[in-house]
Structures are given as structure tokens and as C-alpha cells.
Amino acid sequence: MRVKIYLTLICLLLLTFLGCSEQPKKEQISNKYLELIKTQPNNPVHYTNLGWIYYKEGNFQEAAKLYNLALKINTNNSIAKYNLALVYIAQKDYLKAEKELTALLKLQPEHNLALLKLGEVSIKLKDYKKAQQVFKSYRKIDPFSANALKGLGDSYAGLGLKEKARSAYKLALRYVPEYVEAREALKNLEDNKK
Numbered sequence: 123m124r125v126k127i128y129l130t131l132i133c134l135l136l137l138t139f140l141g142c143s144e145q146p147k148k149e150q151i152s153n154k155y156l157e158l159i160k161t162q163p164n165n166p167v168h169y170t171n172l173g174w175i176y177y178k179e180g181n182f183q184e185a186a187k188l189y190n191l192a193l194k195i196n197t198n199n200s201i202a203k204y205n206l207a208l209v210y211i212a213q214k215d216y217l218k219a220e221k222e223l224t225a226l227l228k229l230q231p232e233h234n235l236a237l238l239k240l241g242e243v244s245i246k247l248k249d250y251k252k253a254q255q256v257f258k259s260y261r262k263i264d265p266f267s268a269n270a271l272k273g274l275g276d277s278y279a280g281l282g283l284k285e286k287a288r289s290a291y292k293l294a295l296r297y298v299p300e301y302v303e304a305r306e307a308l309k310n311l312e313d314n315k316k
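Residue numbers for the sequence shown, in this note's numbering: 123 to 316.
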């Protein structure tokens, strides 16, 4: 009896680690959403859910198509707008990402995730002044956000305000001591000082 239990556990572990049990589930879920889209073509939720599956698989073109279809059904769909921005970020098309995030923030000015992403995109576009404003806005919503402080530090560093950048990174590390990116940014700032 024990041997049978052990063999069953070993088989389950092997299936889990080899990914054998995961693939049919993904296909089943994708097929389910495709079927829902056929039967309920005016429900944007099905498009955004299937888009997320494609996004997670790295199929950004299909994900973008689905998010755009969801936005044709409901132009104010915040999930589709945000996820479409994530697709553009993954494709390094920061101008399109900025456009989607800005449109989303007009609909929902305190959309925390969109604010953070817009700040990150502004850094990528080297628009440090805008990034600084965005991260400061975010800190009004969540003053203890280590992510916003790290982004604020990056924007200060981009503007050449090294002392302010250093302070922002140190405060981020006070809130989240294991924040690797903030620690690396602070170290880079210190190394460039020498």
C-alpha cells in the first residue's frame, strides 16, 4: 500500500515538474474562452481573459488583437487598456504604452498600477520630469510605496539630482530592505560618484 502511494506521489511530482499536466489545462482554458467568444461575442471579458493567456505565453500579437477587440466592444474597459499597455511595454513600444496608460488614467486617475507603469514608461522614454511627477502623484495615494520611491530615485538620477535620488533609494530600502533593484541603483549612484 505504501509503495503505491509513493509511486503515485512520484508520478504526480514528475508530471508537475515536466509540465505534462499543465499543457492540457492551458489548451482547455483557451478553448473554453474561444467557445465563449463564439457564443457571447459582445462580452469583452472573454477577450481580455484569453488575451491574458496569450500575454503570459509571450504571444503579444494575439494578446494585442484580443485587447483591441475588447476595446471595440467597450472603449472604457480598464483591464483591456492596462493589459494592452503591458503588451506594448513587453514589445518595447513605449510610446503606445504611454498613450494607453494616459487614456486609462483619464478614466481612473488613481489607478495605482497604471500610475506606476506610466512612471516606468516615462523613465524608458527618458522623460524624467514626467516620471518625477507621476511617481510623486503615486506617493500621494501610497506614501510608503518602495516601487514609487525607486522610480522617483530613477527620475531624480536622470535629472542629475543625485542627492535626491540617493535619499529616495535609501527610503525605498528602509521600507523594503531586500529590494534588489533599489540597492543596485543606489550602488550604481555611489560608484558613479567616485
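Cβ coordinates follow ideal geometry from the N, Cα and C atoms, glycine included.
Which whole-angstrom value is the C-beta distance of residue i and residue j, which I expect to be below 8 angstroms?
i       : j       : result
Tyr-278 : Ser-267 : With a Cβ gap of about 16 angstroms, Tyr-278 and Ser-267 do not count as contacting.
Leu-240 : Val-256 : 5 angstroms
Lys-292 : Leu-311 : In fact, because the Cβ distance is near 10 angstroms, the residues do not count as touching under 8 angstroms.
Leu-281 : Tyr-250 : 5 angstroms
Can you tell me whether residue i is buried or exposed? The criterion is at least 16 other CB atoms within 10 Å of its CB, across all chains shown.
i       : result
Gly-275 : buried
Asn-164 : exposed
Val-209 : buried
Asn-171 : buried
Pro-299 : exposed
Asn-199 : buried
Pro-166 : buried
Glu-222 : buried
Ile-245 : buried
Shortest alpha-carbon distance to residue i belongs to which of the options?
i       : options                            : result
Leu-206 : Leu-271, Ala-219, Gly-273, Arg-288 : Ala-219
Val-243 : Gln-213, Lys-228, Gln-230          : Gln-213
Trp-174 : Asn-196, Ala-253, Lys-203, Lys-286 : Lys-203
Ile-211 : Gly-180, Arg-296, Tyr-301, Leu-156 : Gly-180
Gly-273 : Asn-196, Pro-265, Gln-254, Tyr-169 : Gln-254
Arg-296 : Leu-283, Leu-311, Asn-269          : Asn-269
Gln-271 : Lys-262, Ala-290, Lys-251, Leu-281 : According to the sequence provided, residue 271 is Leu. The question's Gln does not apply to it. Per the Cα distances, Ala-290.
Arg-288 : Asn-314, Asp-264, Pro-265          : Asn-314
Ile-263 : Gln-230, Leu-156, Gln-150          : Gln-230
Q | Contiguous alpha helix (DSSP H) assignments of at least 4 residues, all confined to the segment 144-173 | A | Counting only unbroken stretches of 4 or more residues, the alpha helix (DSSP H) elements lying wholly within the segment 144-173 are 144-161, in sequence order.
**Q.** alpha helix (DSSP H) segments (min. 4 residues) lying fully within the segment 199-282
**A.** Scanning the segment 199-282 from its first residue to its last, the whole alpha helix (DSSP H) runs of 4-plus residues come out as 200-212, 216-229, 234-246, 250-263, 268-280.
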